[in-house]
Amino acid sequence: MPSMITHWLFAEKVEEKLGFGCSQAEKNLRLWGAQGPDILFCHRTMPLRKKGESLSDYGHRMHTMADPAPLIAALQQCEKEGLGGAPGRAWRQGFLCHYLLDRTCHPFVTARAQWLHEQLPVQPVSYCHQEIEASLDTMMLRRETGQLPQERAVHDALPPLGDSEKEILVLHLERLIQAGFHTHVPKELLYQVLKDASYAFHLATDKTGLKRMLTRRWERKKTWRISSRLLPMTEDPQWDHANLDHAVWGEKGEDDDFFALYDRAVEESPTFFALYQTNCAEQVTAHIPFC
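In structure tokens form, the structure reads like this:
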């Protein structure tokens with residue numbers, strides 16, 4: 344899947360293109376929504392915060408659902424109820440942006456991760472996946488804003504929320520888990536998700552580049568377990584992470600580069616959101632999973 348910065352940039356791009364509401368509360372919740380189910384990955388999986396039941400598996404299960412239509416239907420029901428007012432609608436918009444970008448770009452990232460693993464067999468596919476995501480974040484940040492990672496803190500992708508905003512977010516997570524897996528999750532665990540996600544994004548912030556440099560040096564003869572989660576100041580020119588040379592990838596034999604896929608998702612966003620407003624969930628998803 345595209346990673347933290349890329350999802351942030353995409354949500355802002357779609358917000359501008361479609362003229363979404365831009366109050367501070369709406370912007371805050373849209374950014375949280377833009378990280379989609381990924382925030383669940385952070386629950387009790389970070390250093391010093393691993394004690395107790397983790398909800399991270401729900402994040403994986405949402406991403407690997409053969410058809411996320413039950414999740415989309417739950418969001419559509421929230422629309423009918425007006426859950427959370429304008430800020431709630433903004434969170435749903437962000438979540439939908441996450442899904443749209445994931446389903447467009449994730450097959451590419453998966454294929455490139457397998458390719459990188461074949462070049463570097465010592466690195467597990469999962470760490471190659473993270474390495475590519477981090478490099479693409481750096482490339483997308485430069486492409487869209489002209490900024491380097493030192494100029495934008497990763498943790499700003501999840502801005503601080505007030506109590507009412509947290510309640511709106513928790514209510515939506517509760518609805519999604521119930522709709523997707525027929526499971527009730529205690530709200531205190533969902534509030535913990537928000538804390539742990541914020542903590543994880545702070546850990547991922549590396550504005551000096553020292554975290555990445557030191558962990559990569561320490562992992563020189565090991566796997567990239569930690570360093571692959573951190574944005575490089577610039578991508579490694581040895582590897583064509585964005586496929587700018589247009590090598591063929593994937594089961595369909597495509598040769599698109601990542602930028603073309605990202606732009607395709609942006610252009611598709613008006614049609615996608617129009618479908619969401621007027622059609623059943625299965626028509627919105629077209630039976631396409633997150634990843």
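Position one of the sequence shown corresponds to residue 344 (the numbering used here), numbered consecutively onward. For every residue, glycine included, the Cβ atom is placed at its ideal position computed from N, Cα and C.
### Alpha carbon of residue 512 to alpha carbon of residue 385, nearest angstrom
Within the sequence shown, residue 512 is the residue found at index 169, counting from 1. Within the sequence shown, residue 385 is the residue found at index 42, counting from 1. Distance between the alpha carbons of residue 512 and residue 385 is about 16 angstroms.
### Cross-strand partners of residue 597 (DSSP beta bridge)
As a working mapping, residue 597 is identified with position 254 in the sequence shown. Its beta-bridge partners are 592.
### Message
Below 8 angstroms on the Cβ atoms is my contact criterion, and I expect residue 497 with residue 405 to pass it. Report the Cβ-Cβ distance as a whole number of Å.
### Response
One-based indexing of the sequence shown puts residue 497 at position 154. One-based indexing of the sequence shown puts residue 405 at position 62. Wrong, their Cβ atoms sit about 22 angstroms apart, outside the cutoff.
### Query
For residue 344, which of helix, strand or coil comes out of DSSP?
Start at 1 with the first residue of the sequence shown, and residue 344 comes out as number 1. Interpretation of residue 344 is limited by its pLDDT of 47, a score under 50 that renders its predicted location unreliable; the figure taken from the coordinates is listed afterwards. In the structure shown, residue 344 sits in coil (DSSP, three-state: anything other than H, G, I, E or B).
### Message
Let's test the definition: count the other Cβ atoms within 10 Å of the Cβ of residue 545 and tell me whether it reaches 16, buried, or not, exposed.
### Response
Position 202 of the sequence shown holds residue 545. By the neighbour-count criterion, in which a residue is buried when 16 or more other Cβ atoms sit within 10 angstroms of its Cβ, residue 545 is exposed.
### Query
Which word fits residue 376, buried or exposed, when buried means at least 16 other C-beta atoms lie within 10 angstroms of its C-beta?
Position 33 of the sequence shown, counting from 1, holds the residue named residue 376. Label assigned to residue 376: buried.
### Message
Tell me the residue span of the alpha helix (DSSP H) that contains residue 535.
### Response
On the sequence shown, residue 535 is found 192 positions in, with the first residue counted as 1. Taken as a continuous stretch (DSSP letters only), the alpha helix (DSSP H) holding residue 535 covers 530-547.
### Task
Assign residue 523 to one of three DSSP states: helix, strand, or coil.
Locating residue 523 in the sequence shown gives position 180, counting from the first residue. In this structure, residue 523 counts as helix in the three-state DSSP scheme.
### Query
Looking at the structure shown, is residue 613 part of a helix, part of a strand, or coil, going by DSSP?
Taking the sequence shown and counting its residues from 1, the one referred to as residue 613 is at position 270. In the structure shown, residue 613 adopts helical secondary structure according to DSSP, grouped into three states.
### Query
If you draw a straight line from the C-alpha of residue 344 to the C-alpha of residue 452, how long is it?
Stepping through the sequence shown from its first residue, residue 344 is reached at position 1. Stepping through the sequence shown from its first residue, residue 452 is reached at position 109. Note that residue 344 has pLDDT 47, beneath the 50 cutoff, so the model's placement of it is unreliable and the number below is only indicative. Their backbone Cα atoms lie some 6 angstroms apart in a straight line.
### Query
How many angstroms separate the CA atom of residue 454 from the CA atom of residue 626?
Within the sequence shown, the letter at position 111 stands for residue 454. Within the sequence shown, the letter at position 283 stands for residue 626. Their Cα atoms are separated by approximately 27 angstroms.
### Message
With a threshold of 8 angstroms, are at least 3 pairs of Cβ atoms found where one atom belongs to the stretch 360-378 and the other to the stretch 387-394?
### Response
Contact fails: fewer than three Cβ-Cβ distances are below 8 angstroms.
### Query
Per DSSP, what kind of secondary structure is residue 564 in: helix, strand or coil?
As a working mapping, residue 564 is identified with position 221 in the sequence shown. Residue state for residue 564 is assigned as coil, using DSSP reduced to three classes.
### Query
Run through DSSP, which three-state label would residue 495 get?
Numbered from 1 along the sequence shown, position 152 holds the residue referred to as residue 495. In the structure shown, the three-state DSSP call for residue 495 is coil.
### Query
So what's residue 416 in DSSP terms, helix, strand or just coil?
If you number the sequence shown from 1, residue 416 lands on position 73. The answer is helix: DSSP assigns residue 416 an H, G or I state.
### Query
How many whole angstroms separate the CB atoms of residue 458 and residue 373, which I take to be in contact at a CB cut-off of 8 angstroms?
Within the sequence shown, the letter at position 115 stands for residue 458. Within the sequence shown, the letter at position 30 stands for residue 373. That pair is no contact at about 33 angstroms.
### Message
Looking at residue 615: is its Cβ nearer than 8 angstroms to the Cβ of residue 484?
### Response
The sequence position of residue 615 within the sequence shown is 272, counting from 1. The sequence position of residue 484 within the sequence shown is 141, counting from 1. No.
### Message
Please classify residue 536 as buried or exposed, where buried requires at least 16 other C-beta atoms within 10 Å of its C-beta.
### Response
Against the sequence shown, residue 536 aligns to sequence position 193. Buried, by the Cβ-count rule.
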